[in-house]
RNA sequence: GCGCCUGUAGCUCAGUUGGAUAGAGUGCAGCCCUGCGAAGGCUGAAGUCGUGAGUUCGAAUCUCGCCAGGCGCGCCA
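Numbering (my numbering), first residue to last: 1 to 550.
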């Protein structure tokens, strides 16, 4: 258990004791948040709980702080307690506790920082899920990186996580895509063709057409209509492979690729419609079938089956998809990561969940704000249909994968991001990720030159502020993981990685690890080894490489 | 027009139930290697926290108005 978790418990029991003894009023206690003060002189850790209680208890925070301090039981963790205006409790960790932190880290190794928050909860995280109608562009990379790291954080927090890509292999966008390819094939084969006005354009469409001509013999292609199913199957395979490949280059791997079509062929959609029908939530109007979502969370009802027999809407299969997640595969929680342009869709899905009587809290939706593409001072949206694509692959050609990942992870998803390619290239070399990796390589370098036995070290020798600050930063890691698992925020981890790297550099500048003082050297090697473990765990969570050398 | 999101240092962004002197990276002006990696450390300049009001002992944080930008408001996905 981290010091802040211990401290939180200690303070809580002190408050409860004071309440029992009648020295503090009986009120419900909020979560006791422990944080590291920004300024060193305020100690290792602090809590503002007296100020929070001051409000609910209607007392002076400073008086409350004094009472809490009196009730705190003796322990080995804290060396010194302070009270500061206007009502902070500040603590200084004991040398014993700092030593224990290092021992714990070395013992736990790659398990250090894990927690049991999830308790094996079965959770599905779905992200990217772009139509298999072309390459993945930079606009999707954000959700991709975010999703994979949130999955890592949740795994680290004892959730049973599956990462899924929902393949939209049904519906009219796919038909349009295939039609665009078919017409391009005809064009290449010099058959009468007509490329649809609203069809997919761009060089990659022509390339897929060329590729298919190679894969399917020319004889079969003469009658394009009869080869349609084969073309569709192969075209989907080609685009999906390319998507898979691009995402892997970004360091992202999925557990499942879920087919939209299977919801229709396996009858899930029909089951859903029957349930909604039985609840009297469906009706016919203008030749279409509607769902009464306005009874739940939307302003207007939504169409499930289009008029003129044009088939199901995307929304109807998405209802079935969510039904499948909860009732067939029995996920206990799901997380969806969508682009902000899907905002209104979220309320439709929630309406459907409500109709199925699923607890709303079991679904979290993260909306990443649209990444806009900017170059030569022109700002525009990515669009596949217009052929205006800047792909992940294009980006990886000019910016390293670690820099890209850090760039997306280091900001809150709701921040709007204008992706200026010129700026991205310029900043690539000065990306903070290299600072962190540099610190890591330095640690490795020191450890490699250690030639003595450091197992029995006197950790009490680590008492300069450079050393204590570093140890106390290592100690914060488990809490950072918990916090980011609860809030699903990745930037807490990147922020921590920077803080840790900074502490490491300062330690390095001021404390020579390998010196004539063999006892001190032994202790410091233990500190270096602990630091390397923690930094490695942090970077692994972020999916960022840990180079031994740079 | 309605709904959601955003506005903090020149630039890119943090800022945890409202609390200690509003922070980081980068850029700018300087200083520091014949010592485990200078892709580094240190010092400094740089902010009306979009704006106006309100609530509070206390507001970047909460409430309302206004300004600016983004995204939605399809029988597209």
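C-beta atoms are modelled at their ideal positions from N, C-alpha and C, and glycine is treated no differently.
Within the region 313-385, complete alpha helix (DSSP H) segments of at least 4 residues are found at 314-323 and 343-355, given in chain order. If you look at residue 288, you'll find it in the beta strand (DSSP E) that goes 288-291. The shortest CA-to-CA distance from residue 2 to any of 188, 520, 78 and 154 is the one to 78. About 5 Å separates the Cβ atoms of residue 335 and residue 364, confirming a contact at the 8 Å cut-off. Counting C-beta atoms within 10 angstroms of its own C-beta, residue 132 has 16 or more neighbours from the protein chains shown and is therefore classed as buried. Put simply, the backbone Cα of residue 90 is about 6 Å away from that of residue 83. Residue pairing of residue 303 in beta bridges, as defined by DSSP: 290. Around the CB of residue 424, 16 or more other CB atoms lie within 10 Å, so the residue is classed as buried. Per DSSP, reduced to three states, the secondary structure at residue 505 is helical. Taking C-beta atoms under 8 Å as the contact rule, residue 15 and residue 52 fail to qualify, at a distance of about 11 Å. With a cutoff of 8 Å on beta-carbon distance, residue 64 and residue 32 are scored as not near each other. The way I'd put it, the region 262-280 doesn't touch the region 133-150; fewer than three beta-carbon pairs between them come closer than 8 Å. Residue 293 and residue 348 do touch by the CB rule: their CB atoms are close to 6 Å apart, below 8 Å.
Here the region 94-104 lies against the region 456-467, with 3 or more beta-carbon pairs under 8 Å apart. Excluding sequence positions up to five before and after residue 232, its CB lies within less than 6 Å of the CB of 178, all in the same chain and listed in chain order. Across the set 369, 172 and 104, the C-alpha of 172 shows the shortest separation from the C-alpha of residue 312.
Here residue 512 is exposed, its C-beta having fewer than 16 other C-beta atoms within 10 Å.
For residue 440, the CB contacts under 6 Å within the same chain, skipping 5 residues up- and downstream, are 535 and 546 in chain order. Judged by DSSP in its simplified three-state form, residue 163 adopts strand. Between the region 403-413 and the region 483-491, the count of Cβ pairs shorter than 8 Å is three or higher; the stretches touch. Residue 75 and residue 540 have their C-alpha atoms spaced approximately 34 Å apart. No residue range can be given for residue 254, since it is assigned to no beta strand (DSSP E) and is classified by DSSP as neither H nor E.
Residue 118 sits away from residue 537, with the two beta carbons spaced by 8 Å or more.
Residue range 78-84 is occupied by the beta strand (DSSP E) that includes residue 83. Nearest Cα to residue 458 within the set 507, 406, 527 and 509: 527. Between residue 405 and residue 246, the CB-CB gap reaches or exceeds 8 Å. Secondary structure of residue 410 (DSSP, three-state): coil. In the DSSP assignment, residue 125 falls within the beta strand (DSSP E) that extends over 122-126. Here residue 518 is exposed. Its C-beta has fewer than 16 other C-beta atoms within 10 Å. Classified as exposed, residue 218 has fewer than 16 neighbouring CB atoms from the shown chains inside 10 Å of its CB.
In this chain, residue 283 is not harboured by any alpha helix (DSSP H); it is covered by the beta strand (DSSP E) spanning 282-285.
Fully contained in the region 37-73 are the following alpha helix (DSSP H) runs of length 4 or more, in chain order: 49-57 and 61-71. One thing to note: residue 476 has its Cβ no nearer than 8 Å to the Cβ of residue 531. Counting only the Cα atoms, residue 9 lies some 44 Å from residue 298. Short of 8 Å from the beta carbon of residue 350, and not among the five residues preceding or following it, lie these beta carbons of its own chain, in chain order: 296, 297, 360 and 363. For the set 259, 302, 280 and 482, the Cα lying nearest the Cα of residue 324 is the one of 259.
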